[in-house]
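*Asks:* Here's a structure for you.
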Amino acid sequence: MRVSSLARLAPGNPMRTPLAATLISEVVVFGLAIPGMILVSAVPAGTAALLGGLCALLALVAAAGLRRGWGYPVAWLTQVAGIALGLATPMMYLVGVIFAVIWVASFVMGRRLEKRSPDTH
-12 MRVSSLARLA PGNPMRTPLA ATLISEVVVF GLAIPGMILV SAVPAGTAAL
38 LGGLCALLAL VAAAGLRRGW GYPVAWLTQV AGIALGLATP MMYLVGVIFA
88 VIWVASFVMG RRLEKRSPDT H
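For reference, each letter of the sequence shown is one residue, going -12 to 108 in my numbering.
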């Protein structure tokens, strides 16, 4: 098994939908983090917009790419980026970790489903 195949689920895996929903939720939260960075952490508006916008774009691209498989590595990077937003505003450490836990739990459940039902490969 290749390393890249360890970081993604089989195309027919039913957990792709919850994973995509998690990423879309992250798009919204990363967008809402922009005013939080500005008002709570006094991050300059341009910097906050750039950081929040890039993370939101990363999550959106990852969600779009899940169907073809290339979105999974981008989604893993999105989880790291979400936690890293905590460098700009500490509230995002917690929010990023929560989303990462949801992502990992959904991914692990998807892996378990693949092991139980051979028709998802």
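Backbone N, C-alpha and C define an ideal beta-carbon position, used for all residues, glycine too. Note that the structure is predicted; figures quoted are calculated from it, not measured.
#1: For a test of the three-state rule: what should DSSP assign to P77, helix, strand or coil?
#2: Taking V15 as part of the alpha helix (DSSP H), name the residues at either end of that continuous run.
#3: Counting Cβ pairs closer than 8 Å, one from the stretch -2 to 17 and one from the stretch 36 to 53, do we hit at least three?
#4: Are the stretch 19 to 28 and the stretch -3 to 9 touching by the rule of at least three beta carbon pairs closer than 8 Å?
#5: Between the C-alpha atoms of A36 and G18, what's the straight-line distance to the nearest angstrom?
#6: What distance in whole Å lies between the Cβ atoms of T65 and L10, which are believed to be in contact at a cut-off of 8 Å?
#7: Tell me the rounded alpha-carbon separation between C42 and F86.
#8: Going by the beta-carbon positions, is the gap between A62 and L38 smaller than 7 Å?
*Replies:* Quick answer:
#1: P77: coil per DSSP, three-state reduction.
#2: Its alpha helix (DSSP H) spans residues 3 to 26.
#3: The stretch -2 to 17 and the stretch 36 to 53 touch, with no fewer than 3 CB-CB distances between them shorter than 8 Å.
#4: Judged by Cβ distances under 8 Å, the stretch 19 to 28 makes no contact with the stretch -3 to 9, as fewer than three pairs qualify.
#5: Taking the straight line from one Cα to the other gives about 8 Å.
#6: Between T65 and L10 the Cβ distance is about 7 Å, and since that is below 8 Å, they are a contact.
#7: When only Cα atoms are considered, C42 and F86 end up about 13 Å apart.
#8: No, they are not a contact pair.
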